[in-house]
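Data block below; observations after.
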């Protein structure tokens with residue numbers, strides 16, 4: 046991906062985060078919660094974030110597959126070699142709970158593979174961005190791009206991922222969903238507790254789980270519950286660029302693929318660059 050296109054995606058994520066926070070921090074705000082066909086929640090913040098992102102991305106010649114966008118027939122999508130995959134507010138349940146664990150996710154997918162990813166955490170003011178040619182990065186304390194900011198200057202004030210491995214602690218860390226912990230995931234955790242002498246489970250909402258994998262702060266993220274492509278594409282791109290991978294649970298050597306006919310992901314397991322054997 047061109048540097049200018051990545052910077053545009055980063056700008057879109059930051060602006061979308063600002064739109065979300067305008068709703069989140071308003072003491073008089075009515076989140077205007079609706080229910081989608083699958084009974085998952087949709088708020089006014091989802092809609093405003095989506096509007097911001099679509100306005101920015103529409104200046105580029107790639108189609109957009111967005112959770113909040115109009116349903117696009119699979120026959121039409123199958124002709125898309127390159128596309129954006131967007132979740133304007135990942136973790137709507139966490140947003141409604143006001144626990145801060147929600148994100149803006151923007152990914153660029155080429156021939157089914159997530160090549161570029163941007164994740165912004167508005168409450169924490171943390172930005173993750175990655176490209177297969179550049180690697181993965183995290184910037185803290187950011188709400189907007191500075192005047193004259195370039196990708197190089199952004200990289201210069203960012204942390205390269207993964208962080209240096211701390212070998213002083215042999216704890217095997219499993220990251221799991223805060224709102225969707227399935228029985229199968231519980232069984233997996235039990236298996237790991239039999240395998241490793243010291244196991245810790247860390248719960249996170251939204252795409253923060255994949256961010257922990259990219260950082261190298263967790264050893265595995267098993268997901269044995271439903272997710273859609275827009276839930277994982279950006280985080281998957283960041284994990285890949287950091288040296289890790291997200292594999293299908295039933296096909297351990299096959300990574301997740303995108304812009305499939307069915308947009309529902311299979312169960313998966315994400316690993317960081319280095320993992321305990």
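Residue numbers (this note's numbering): 46 to 322.
Glycine included, C-beta positions come from ideal geometry on N, C-alpha and C.
query: According to DSSP, is residue 84 helix, strand or coil?; result: Confidence is the limiting factor: at residue 84 the pLDDT is only 48, short of 50, which leaves the residue's position unreliable, though a coordinate-based value still follows. If DSSP states are grouped into helix, strand and coil, residue 84 belongs with coil.
query: Give a yes or no on whether the C-beta atoms belonging to residue 55 and residue 163 are separated by under 7 Å.; result: yes
query: Residues in its own chain within less than 8 Å of residue 126 by CB, not counting five upstream and five downstream?; result: 155 and 156
query: Note down, in chain order, each residue of its chain lying with its Cβ closer than 8 Å to the Cβ of residue 69, except the 5 sequence neighbours on either side.; result: 90, 140, 143, 167 and 168
query: Pick out whichever of 285, 301 and 247 has its Cα sitting closest to the Cα of residue 273.; result: 301
query: Look at residue 263 and residue 206 and say whether their C-beta atoms are less than 7 Å apart.; result: no
query: To the nearest angstrom, how far is it from the Cα of residue 280 to the Cα of residue 216?; result: 24 Å
query: Would you mind working out which of 66, 120, 178 and 199 sits nearest residue 137, comparing C-alpha positions?; result: 66
query: Skipping 5 residues on each side, what residues in its chain have a beta carbon closer than 6 Å to that of residue 110?; result: 128 and 130
query: With distance defined between alpha-carbon atoms, name the residue in 247, 236, 132 and 122 nearest to residue 323.; result: For residue 323 there is no data in the structure shown, the boundaries of the chain being 46 and 322.
query: Return the residue from the list 50, 64, 47 and 60 that minimises the CA-CA distance to residue 191.; result: 60
query: I need the boundaries of the beta strand (DSSP E) containing residue 149, first residue and last residue.; result: 148-155
query: Cα-Cα, which of 218, 188 and 182 is closest to residue 201?; result: 182
query: So the beta strand (DSSP E) residue 4 belongs to, where does it begin and stop?; result: The structure shown has nothing for residue 4, since the chain only spans 46 to 322.
query: Of all the options 186, 107, 159 and 277, which has the alpha carbon lying nearest to the alpha carbon of residue 180?; result: 159
query: Between the segment 240-253 and the segment 293-300, do at least 3 Cβ pairs fall closer than 8 Å?; result: no
query: Quick one: is residue 78 buried, meaning 16 or more other Cβ sit within 10 Å of its Cβ, or exposed?; result: exposed
query: Could you say which of 256, 265 and 145 lies nearest to residue 237 if we only look at CA atoms?; result: 265
query: Would residue 51 and residue 176 be called neighbours here (beta carbons separated by less than 7 Å)?; result: yes
query: Note down the Cα distance separating residue 178 from residue 121, rounded to an integer number of angstroms.; result: 29 Å
query: Check this for me: beta carbons of residue 253 and residue 96, under 7 Å apart or not?; result: no
query: Go to residue 198, then tell me how far its alpha helix (DSSP H) extends in each direction, as first and last residue.; result: 196-201
query: Nearest to residue 123 by alpha carbon, out of 315, 98 and 307?; result: 307
query: How is residue 302 classed by DSSP in three states: helix, strand or coil?; result: coil
query: Can you tell me which of the three DSSP states residue 294 falls into?; result: coil
query: Under three-state DSSP, which class holds residue 215?; result: coil
query: I think residue 57 touches residue 102, with their Cβ atoms under 8 Å apart; what is that distance to the nearest whole Å?; result: 6 Å
query: Less than 6 Å between C-beta atoms, sequence neighbours within five positions excluded: which residues of the same chain meet that for residue 46?; result: 153, 161 and 176
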